[in-house]
Amino acid sequence: MEHLSIHDPPPQPGGSHPGAGGVMNTHSLPPPPPPPQAQQLPPQMFTTAAQLLDLTDKKLLLVLRDGRKLIGILRSWDQFANLVLQSTVERVFATISNPKHPGLRGVYSDKAHGIFLVRGENVLLLGEIDLDKDDDPPVGYEKAEFDLVEKLAKEQKAAEKVKETNRLKKLATHGFEGENMGEILL
165 MEHLSIHDPP PQPGGSHPGA GGVMNTHSLP PPPPPPQAQQ LPPQMFTTAA QLLDLTDKKL
225 LLVLRDGRKL IGILRSWDQF ANLVLQSTVE RVFATISNPK HPGLRGVYSD KAHGIFLVRG
285 ENVLLLGEID LDKDDDPPVG YEKAEFDLVE KLAKEQKAAE KVKETNRLKK LATHGFEGEN
345 MGEILL
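When you line the sequence shown up against our numbering, it's residues 165 to 350, in that order.
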């Protein structure tokens with residue numbers, strides 16, 4: 165009968181153990197290495213809203229579901245990823261086709277809004293702005309008057325809506341039903 169205590173080392177695989185009639189040699193094999201442990205992630209990495217902790221008090225670019233682009237300093241957020249932005253500007257882009265300037269893709273303008281509250285479910289994309297490049301205009305775009313850029317952007321959006329309506333009408337004649345057919349009267 166074995167007389168083992170809790171202080172005895174565990175039997176080694178392939179080695180002798182007291183129950184087999186041999187004498188246990190505890191000095192011949194080194195102790196096994198501890199099992200590898202998974203790398204621990206910090207607790208704030210487990211929720212989406214908590215990932216905003218590192219972005220607090222930094223300048224961000226937000227793209228909303230409706231296509232608007234906002235630039236502002238993140239001051240506060242909650243568990244639903246609702247955001248409070250300070251010194252917020254809305255950046256509006258309009259593309260142009262100008263054969264005289266082939267490298268120029270369009271114009272942009274900023275409209276100041278001040279403090280802005282954004283509902284979390286409306287955020288499509290969020291990113292930190294590199295402050296070293298913040299003053300540079302977007303590549304291929306020139307700054308223009310806000311009224312002109314807004315007018316061009318609305319015209320382009322209306323033309324795109326007409327094009328999409330015509331596409332959905334054509335698909336409907338072939339028996340397809342688009343996602344937004346309820347919004348369009350054929």
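Every residue gets a Cβ at the ideal spot worked out from N, C-alpha and C, and that includes glycine.
State the DSSP-derived secondary structure class of residue i, mapped to helix, strand or coil.
i: Arg239; result: strand
i: Gly270; result: strand
i: Glu309; result: coil
i: Leu193; result: coil
i: Thr259; result: strand
i: Glu341; result: coil
i: Leu350; result: Per-residue confidence for Leu350 stands at a pLDDT of 47, beneath the threshold of 50, marking its modelled position as unreliable; the derived number appears in the next sentence. Coil, per DSSP.
i: Lys115; result: The question about residue 115 has no answer here: the residues shown for the chain are numbered 165 through 350.
i: Asp172; result: coil
So what does residue i bridge to, in DSSP terms?
i: Thr436; result: Any question about residue 436 goes unanswered here, given that the chain covers just 165 to 350.
i: Gly291; result: Leu225
i: Leu234; result: Leu226, Glu254
i: Leu247; result: Trp241, Val282
Just to confirm, is the Cβ distance from residue i to residue j under 8 Å?
i: Gln250; j: Arg232; result: no
i: Val248; j: Lys275; result: no
i: Leu288; j: Arg229; result: yes
i: Ile293; j: Ile235; result: yes
i: Pro246; j: Leu295; result: Looking at the sequence shown, residue 246 is not Pro but Asn. Cβ atoms of Asn246 and Leu295: not closer than 8 Å.
i: Lys223; j: Asp298; result: yes
i: Trp241; j: Leu225; result: no
Grab me the residues of residue i's own chain with a C-beta within less than 7 Å of its C-beta, minus the 5 sequence neighbours each way, in chain order.
i: Ser273; result: Val256, Lys307, Ala308, Glu309, Phe310, Val313
i: Lys318; result: none
i: Arg331; result: none
Please return the same chain residues whose Cβ sits closer than 8 Å to the Cβ of residue i, not counting the five positions on each side in sequence.
i: Val140; result: No statement about residue 140 is possible, as the shown extent of the chain runs from 165 to 350 and does not include it.
Return the chain-ordered list of same chain residues with a C-beta closer than 6 Å to the C-beta of residue i, the five sequence neighbours on each side being excluded.
i: Arg283; result: Asn246
i: Gln176; result: Leu193
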